[in-house]
Amino acid sequence: MKILCVSDQIDPLVYSLNAKERYKDVDFVISAGDLPMEYLDYILSTLNKPVYFVFGNHNLHEFAYYHHVEGRKKSSGINQFYPGCGANYLGFKTAKEGNILLAGLSGSLRYNNGRNQYTEFQMTLRIFKIIPSLILNKLKYGRYLDILVTHAAPAGINDKDDPCHRGFKCFRWFMHRFKPKYLLHGHIHLYDLQTLRVSEFESTQVINVYSRYIIETDDKNGL
1 MKILCVSDQI DPLVYSLNAK ERYKDVDFVI SAGDLPMEYL DYILSTLNKP
51 VYFVFGNHNL HEFAYYHHVE GRKKSSGINQ FYPGCGANYL GFKTAKEGNI
101 LLAGLSGSLR YNNGRNQYTE FQMTLRIFKI IPSLILNKLK YGRYLDILVT
151 HAAPAGINDK DDPCHRGFKC FRWFMHRFKP KYLLHGHIHL YDLQTLRVSE
201 FESTQVINVY SRYIIETDDK NGL
């Protein structure tokens, strides 16, 4: 199993003429936010592999197509979403790609009342809304999920101290309770790519997928 993860920055190795050959063995793609829809469109059309994404706190031009924002009602039906985008929006919902169980939580901690920013309480309520789907996964597949995709980091793990880049405490509770194998996030820019990307929290690997990151396992059907 091989997953291409992207976030926050358009990577020249992905946005290139050689991308199809370079990533031909990728099973699917995950975006952890703050990327233009056109970039996701390019990845989807070039690799011809499923793409799953959450929104961050920037690049929100198409956010209203997927949420009730400023009086605009969310469209119904994938063909009425952002024109030309076949990527799968994972924000505040669950999905299944092959044998991999996914869930997504868009946005960042509120710092200036901008769009797609949430308080701890607001994010906790959004987590509660997907719990029934997670319980159904547990009954059907024996586990709640494999990968949680977020934009913000968990509090105290890969995050920073400034108001914009602090993580969510409720993500720590989520990992403790539902035990995903991975939590993939963006939001924290890595100007030195030697900076630590991977942290451990109980049974979960927390990975900052800023720019580009590959998850690869020996199991062709799972993680």
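Using UniProt numbering, the letters of the sequence shown correspond one by one to residues 1 to 223. Every residue, glycine too, gets a C-beta built ideally from N, C-alpha and C. Owing to the predicted nature of the structure, the values given are computational and were not obtained by experimental measurement.
Asked: Can you grab the Cα-Cα spacing for the pair arginine 172 / lysine 24, in whole Å?; Found: 34 Å
Asked: Going by DSSP in three states, serine 133 sits in which element: helix, strand or coil?; Found: helix
Asked: CA-CA distance, lysine 129 and proline 163?; Found: 26 Å
Asked: For the beta strand (DSSP E) holding lysine 24, just list the boundary residues, first then last.; Found: Unbroken run through lysine 24: none, as it is neither H nor E.
Asked: Taking the C-alpha atoms as reference points, what is the distance between serine 31 and aspartate 11?; Found: 12 Å
Asked: How about isoleucine 127 and aspartate 159: do their beta carbons lie closer than 8 Å?; Found: no
Asked: Taking the alpha helix (DSSP H) that cysteine 164 belongs to, which residues open and close that run?; Found: First-last for cysteine 164: undefined, no H or E at that position.
Asked: Assign leucine 101 to one of two classes, buried (16 or more other C-beta atoms within 10 Å of its C-beta) or exposed (fewer than that).; Found: buried
Asked: Between glutamate 97 and tyrosine 66, is the Cβ-Cβ spacing less than 8 Å?; Found: no
Asked: With 16 as the cutoff for other CB atoms within 10 Å, does valine 6 come out buried or exposed?; Found: buried
Asked: Can you round the beta-carbon distance between isoleucine 215 and isoleucine 3 to whole angstroms, since I take them to be within the 8 Å contact cut?; Found: 4 Å
Asked: Check this for me: beta carbons of leucine 125 and glycine 86, under 8 Å apart or not?; Found: no
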